[in-house]
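Student: First residue of the sequence shown? That's 29 in my numbering, and the numbers climb one at a time after it. We put the beta carbon where it would ideally sit given N, CA and C, even for glycine. Owing to the predicted nature of the structure, the values given are computational and were not obtained by experimental measurement.
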Amino acid sequence: MAAPGWGLFGADNPLVTPAEAANRMILPTRNTITSRFGPRRMGSHHGVDLRAPMGTPVKASAEGRVIFAGWKNSIYGNMVAIKHPNGLVTRYAHLSKVSVRQGQRVSRGQVVARSGNTGRSTGPHIHFEVLRNGRAINPLSVCS
29 MAAPGWGLFG ADNPLVTPAE AANRMILPTR NTITSRFGPR RMGSHHGVDL RAPMGTPVKA
89 SAEGRVIFAG WKNSIYGNMV AIKHPNGLVT RYAHLSKVSV RQGQRVSRGQ VVARSGNTGR
149 STGPHIHFEV LRNGRAINPL SVCS
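#1: Spell out the partners DSSP gives N166 in its beta bridges.
#2: How is the beta strand (DSSP E) around L123 delimited, first residue to last?
#3: Is P67 buried or exposed, if buried means 16 or more other CB atoms sit within 10 Å of its CB?
#4: Relative to the ligand COA, is the shortest distance from any of its heavy atoms to the C-beta of G83 smaller than 7 angstroms?
#5: Going by C-alpha distance, which of D77, P81, K87 and Y104 is nearest P56?
#6: Checking 8 angstroms against the spacing of the C-beta atoms, do Y104 and G147 come in under that value?
#7: Under the three-state reduction of DSSP, which class applies to L159: helix, strand or coil?
#8: How far does the beta strand (DSSP E) with G98 in it reach, from first residue to last?
#9: Classify P167: buried if its beta carbon has 16 or more other beta carbons within 10 angstroms, exposed otherwise.
#10: Report yes if the C-beta distance between H153 and G75 is below 8 angstroms; otherwise report no.
#11: For G151, tell me which candidate among S72, L78, T118 and R58 has the shortest Cα-Cα distance.
#12: Please look up how many angstroms separate the CB atoms of G144 and S169, rounded, as I've assumed it's under 8 angstroms.
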């Protein structure tokens, strides 16, 4: 992986800003990445998938305010979305249990949900996205 601020992840994913590099987020679990961000045969994968047996704790990547918590749709299933002070939004999807509510403030590392297999999913895991100005960026560019 390129050093913070130097990785280019496509035209839709500009370089990491210095503020983002200085305030690295954490991945929602330390488990193996099973599917990476980027192009696929049928479209694009807007996040990363992390191996997580059913019920694995899902942690907030950084402090912020919950802007969505609950059933999203048949693709994401149960989802939590958090807006962070740096302007980024993180999404955690395919959850079996949501442990926070909309409007709630959360801290970095706080358990916000449990992994699951809801929505369009091939098995229990955590789908994790990071958005800047409404556009998906590679989560690995801002997480350590």
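Tutor: Once the coordinates are examined:
#1: Answer is none; N166 lacks a bridge partner.
#2: V117 to V126
#3: exposed
#4: In the structure on display, the ligand COA does not appear, and there are no ligands present to speak of.
#5: K87
#6: yes
#7: strand
#8: G92 to N101
#9: buried
#10: no
#11: L78
#12: Not quite, the Cβ-Cβ distance comes to about 26 angstroms (not below 8 angstroms), so this is no contact.
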